[in-house]
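Novice: According to mature numbering (1 follows the signal peptide of the UniProt record, and there is no 0), the residues represented by the sequence shown are -39 to -1, 1 to 429, in order. Mind having a look at this structure? Questions to follow.
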Amino acid sequence: MRQRGRHRRRARGRALRAALAGAGLALTGAATLISTSQATVTDDPGALRPLTSAARLDPLRLTEQLVPERSLDRLAAAMGRPVDAGTVLTSTDRTLRAADGCTADEKRALPVEPAATRAYCWNTADSASRQWRPQSVTTSGDAADDGLWGTHRAILSGWSRHGDRATGGDLARVAFVNADDPDRLTYTWALLVIPVDGGRDYRGLASHVSGMVWYRDKLLVTASGDGGDALYVYDLRRVQRATVAGDEVGRVPGGWAAHGYRWVLPAVASYRPTRGSCAPADASASATGSEDRVDSADFASGSGANTAPCPNSLSVERGSVPGSLVAGEAAPRGSGRRTLLWRYSFSADPARAGLLATDSAGTASAREAYETKVDGVRGVLSRRTGAVDGASWYLARAAGPDSAHGTLWRQDRRGAETTECGSSSDTHRCWGDGTGSLSYWPQTDEVWSLSGRTLFAVPAPSVERALR
């Protein structure tokens, strides 16, 4: 009976793969369920390993650096009164294509198991760009208890430009997606910038925005590679308007430019490792690999040449008290090193909403930390789903060079699980390509992510059933 069950699962997996290889993926109201299988002994990463020693936890400490209020006020006085994210969400100028408007290639990137029940593809011009890549996603479900920003359901997606001197270097932008109508998502762009010269000017954030979270009124993004900082913080009540069109960034003759975008988000704070500097061990690797897939060396662990780990994945866990910022630093695929997972508490002080909890010296310490054998991790999520030993951690592992799909693992202190979806030598490549971050929306009970250039949602119960 067990052998016949395995054959049925493999036959079902072949049918799903055939559907993906054809005209596209048919999205249904519920994902097709495939039984969970533990990986082989050689592939099974086993249980999470807690880190408790000061030698392992001290490098995770971050020092908070606030942008002086007078600098932000000076910038606002020159650019005009700031607006909040609600104004941006009501002025969208692009439309996401629903699943039936996505191309076969775009839908082929979606998860095999569990299946996406909602999928959207960006405006054709944005999808066609090979300079810019979507890498992260967060929602108003992360931000607020009711899942709304004011009256709006919203999704934010971080995109990175991997430029060179000729193109102006790296830049980062955020798609503000109005999701009030699930059948018609619209969006517009805001450029992420950093105030300079006491607020008299600003420059673009030169970082891979591979991780991004929205909590209360703050947006926190990964910033490794930009000046040694680990995270930058943006206030979604301090959005500025650009006044001059053009590719320039900052103060220009006649006003303020934001690489052609209408909206500018100036940073209000940053977090720098208390010990050492946060920078990818092999930043030059960003020039390698395909245009749509970042090579794992982009996020090489800082535990070797660098003294401070650099987070490349972020998410929010609202189930902890207070809420916490979940972070991960991926070990490069095949390196034999371990991926780091850890979390910080958000401040419970209403005057510091969205900032990390710090001591009197302005230092944020990791609340807990783990190691995992899963490498090549791009998305990290922590949820409390009744596990005896604390939270379950969900890790999206990027696809390898010979596969279009990645792997979704669930780990805790007792072991690890994944799904089975085929009859190849690796039956666990069931997730999307794994290059996007993970975000859980409590009010809709969905996990959101990105695969290739496709934004998608999977019901959380389908994830749990597929992993059980």
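All residues carry an ideal CB built from backbone N, CA and C; glycine is no exception.
Do residue 332 and residue 21 have their CB atoms nearer than 8 Å?
Specialist: Numbered from 1 along the sequence shown, position 371 holds the residue referred to as residue 332. Numbered from 1 along the sequence shown, position 60 holds the residue referred to as residue 21. Not in contact: residue 332 and residue 21 (Cβ atoms no closer than 8 Å).
Novice: Can you tell me which of the three DSSP states residue 312 falls into?
Specialist: For the purposes of this step, residue 312 is taken as residue 351 along the sequence shown, with counting starting at 1. Residue 312: helix per DSSP, three-state reduction.
Novice: Straight-line CA distance for residue 420 to residue 36?
Specialist: Counting from 1 along the sequence shown, the entry for residue 420 is found at position 459. Counting from 1 along the sequence shown, the entry for residue 36 is found at position 75. In a straight line, the C-alpha of residue 420 is about 42 Å away from that of residue 36.
Novice: Is the shortest distance between the beta-carbon of residue 159 and the beta-carbons of chain D less than 8 Å?
Specialist: No chain D appears in the structure shown, which is made up of a single protein chain.
Novice: Which first and last residues belong to the alpha helix (DSSP H) in which residue 101 is found?
Specialist: Within the sequence shown, numbered from 1, the residue matching residue 101 stands at position 140. Element bounds for residue 101: 101 to 104.
Novice: Cutting at 8 Å between CB atoms, please list the residues of its own chain near residue 233, excluding the five before and the five after it.
Specialist: One-based indexing of the sequence shown puts residue 233 at position 272. Closer than 8 Å at Cβ, skipping near neighbours: 23, 24, 26, 189, 190, 191, 239.
Novice: Taking the alpha-carbon positions, what's the residue 150 to residue 413 distance?
Specialist: On the sequence shown, residue 150 is found 189 positions in, with the first residue counted as 1. On the sequence shown, residue 413 is found 452 positions in, with the first residue counted as 1. If you take the alpha carbons of residue 150 and residue 413, they lie about 19 Å apart.
Novice: Excluding the five sequence neighbours on either side, which residues of its own chain have a C-beta within less than 7 Å of the C-beta of residue 71, listed in chain order?
Specialist: Locating residue 71 in the sequence shown gives position 110, counting from the first residue. The residues are -15, 77, 80, 393, 412, 415, 417.
Novice: Whose C-beta lies closer than 8 Å to the C-beta of residue 156 among residues of the same chain, with five residues either side of it excluded?
Specialist: In the sequence shown, the residue the question calls residue 156 occupies position 195. Once the five neighbours on either side are set aside, the close Cβ partners of residue 156 are 28, 32, 33, 36, 162, 163, 227, 228.
Novice: Please return the same chain residues whose Cβ sits closer than 6 Å to the Cβ of residue 116, not counting the five positions on each side in sequence.
Specialist: The residue given as residue 116 occupies position 155 in the sequence shown. Around residue 116: 100, 138, 140.
Novice: Nearest-angstrom Cα distance between residue 67 and residue 193?
Specialist: Looking up residue 67 in the sequence shown gives position 106. Looking up residue 193 in the sequence shown gives position 232. Using only the alpha carbons, I get a separation of about 31 Å.
Novice: DSSP on residue 363, reduced to helix/strand/coil?
Specialist: The sequence position of residue 363 within the sequence shown is 402, counting from 1. Here residue 363 sits in coil by DSSP.
Novice: Are the CB atoms of residue 432 and residue 380 nearer to each other than 8 Å?
Specialist: Past the edges of the chain, shown from -39 to 429, lies residue 432, and the structure says nothing about it.
Novice: Take residue 366 as the anchor and find which of 206, 353, 388 has the nearest alpha-carbon.
Specialist: Taking the first residue of the sequence shown as 1, we reach residue 366 at position 405. Nearest C-alpha to residue 366: 388.
Novice: Helix, strand or coil: how does DSSP classify residue 403 here?
Specialist: Working through the sequence shown from its first residue, we reach residue 403 at position 442. In this structure, residue 403 counts as coil in the three-state DSSP scheme.
Novice: Could you check the C-alpha separation between residue 311 and residue 178 for me, to the nearest Å?
Specialist: One-based indexing of the sequence shown puts residue 311 at position 350. One-based indexing of the sequence shown puts residue 178 at position 217. About 11 Å.
Novice: Under the three-state reduction of DSSP, which class applies to residue 162: helix, strand or coil?
Specialist: Against the sequence shown, residue 162 aligns to sequence position 201. If DSSP states are grouped into helix, strand and coil, residue 162 belongs with the strands.
Novice: Is the separation between the beta-carbon of residue 171 and that of residue 276 shorter than 8 Å?
Specialist: Translated into positions along the sequence shown, residue 171 becomes position 210. Translated into positions along the sequence shown, residue 276 becomes position 315. Not a contact, by the Cβ cut-off of 8 Å.
Novice: Closest to residue 196 by CA distance: which of 45, 142, 338 is it?
Specialist: The sequence position of residue 196 within the sequence shown is 235, counting from 1. The candidate whose alpha carbon is nearest that of residue 196 is 45.
Novice: Just verifying my parser: in three-state terms, what is the DSSP assignment at residue 425?
Specialist: Along the sequence shown, read from residue 1 onward, the residue named residue 425 stands at position 464. It is helical.
Novice: Beta-carbon separation of residue 324 and residue 235 under 8 Å?
Specialist: Taking the sequence shown and counting its residues from 1, the one referred to as residue 324 is at position 363. Taking the sequence shown and counting its residues from 1, the one referred to as residue 235 is at position 274. A contact, by the Cβ cut-off of 8 Å.
Novice: Count the other CB atoms, across all protein chains shown, that sit within 10 Å of the CB of residue 201; report buried if there are 16 or more and exposed otherwise.
Specialist: Within the sequence shown, residue 201 is the residue found at index 240, counting from 1. Looking at its Cβ environment, which holds 16 or more other Cβ atoms inside 10 Å, residue 201 is buried.
Novice: So is residue 282 buried or exposed if we call it buried at 16+ other beta carbons inside 10 Å?
Specialist: In the sequence shown, counting from the first residue as 1, residue 282 sits at position 321. When all chains shown are included, residue 282 counts as exposed.
Novice: Straight-line CA distance for residue 218 to residue 211?
Specialist: Position 257 of the sequence shown, counted from the first residue, corresponds to residue 218. Position 250 of the sequence shown, counted from the first residue, corresponds to residue 211. Residue 218 and residue 211: Cα-Cα distance of roughly 5 Å.
Novice: Rounded to the nearest angstrom, how far is the Cβ of residue 47 from that of residue 110, given a contact under 8 Å?
Specialist: Locating residue 47 in the sequence shown gives position 86, counting from the first residue. Locating residue 110 in the sequence shown gives position 149, counting from the first residue. Correct: roughly 6 Å between the Cβ atoms.
Novice: My output table needs one value for residue 74: the three-state DSSP class, helix, strand or coil.
Specialist: Mapped onto the sequence shown, residue 74 falls at position 113. Residue state, collapsed to three classes: coil.
Novice: Which first and last residues belong to the alpha helix (DSSP H) in which residue 37 is found?
Specialist: In the sequence shown, residue 37 corresponds to position 76, counting from 1. Its alpha helix (DSSP H) spans residues 30 to 40.
Novice: Apply the 10 Å Cβ neighbour rule to residue 267 and answer buried if 16 or more other Cβ atoms are within range, or exposed otherwise.
Specialist: Position 306 of the sequence shown, counted from the start, is the residue given in the question as residue 267. Annotation note: pLDDT 48 at residue 267 (below 50); position unreliable, no value reported.
Novice: Output the distance between the C-alpha atoms of residue 304 and residue 95, rounded to the nearest integer angstrom.
Specialist: Walking along the sequence shown from the start, residue 304 turns up at place 343. Walking along the sequence shown from the start, residue 95 turns up at place 134. C-alpha separation (whole angstroms): 24 Å.
Novice: So what does residue 92 bridge to, in DSSP terms?
Specialist: In the sequence shown, the residue the question calls residue 92 occupies position 131. Answer is none; residue 92 lacks a bridge partner.
Novice: Can you tell me where the alpha helix (DSSP H) with residue 67 in it begins and where it stops?
Specialist: Position 106 of the sequence shown, counted from the first residue, corresponds to residue 67. Run containing residue 67: 65 to 69, per the alpha helix (DSSP H) assignment.
Novice: Are the CB atoms of residue 340 and residue 285 within a distance shorter than 8 Å?
Specialist: Taking the sequence shown and counting its residues from 1, the one referred to as residue 285 is at position 324. Taking the sequence shown and counting its residues from 1, the one referred to as residue 340 is at position 379. No, the Cβ-Cβ distance between residue 285 and residue 340 is not below 8 Å.
Novice: Just mark residue 16 as buried or exposed, buried being the case when its beta carbon has 16 or more other beta carbons within 10 Å.
Specialist: The residue labelled residue 16 in the question sits at position 55 within the sequence shown. By the 10 Å Cβ count, residue 16 comes out exposed.
Novice: Contact defined as beta carbons within less than 8 Å: I believe residue 291 pairs with residue 237. What is the distance between those atoms, to the nearest angstrom?
Specialist: Within the sequence shown, the letter at position 330 stands for residue 291. Within the sequence shown, the letter at position 276 stands for residue 237. Contact doesn't hold; Cβ gap of about 18 Å is too wide.
Novice: Taking the DSSP output, what are the residues bridged to residue 303?
Specialist: As a first step, residue 303 must be located in the sequence shown, where it is residue number 342. Answer is 288, 330, bridged to residue 303.
Novice: Find the nearest neighbour of residue 168 within the set 183, 159, 299, judged by alpha-carbon distance.
Specialist: Locating residue 168 in the sequence shown gives position 207, where the first residue counts as 1. It is 183.
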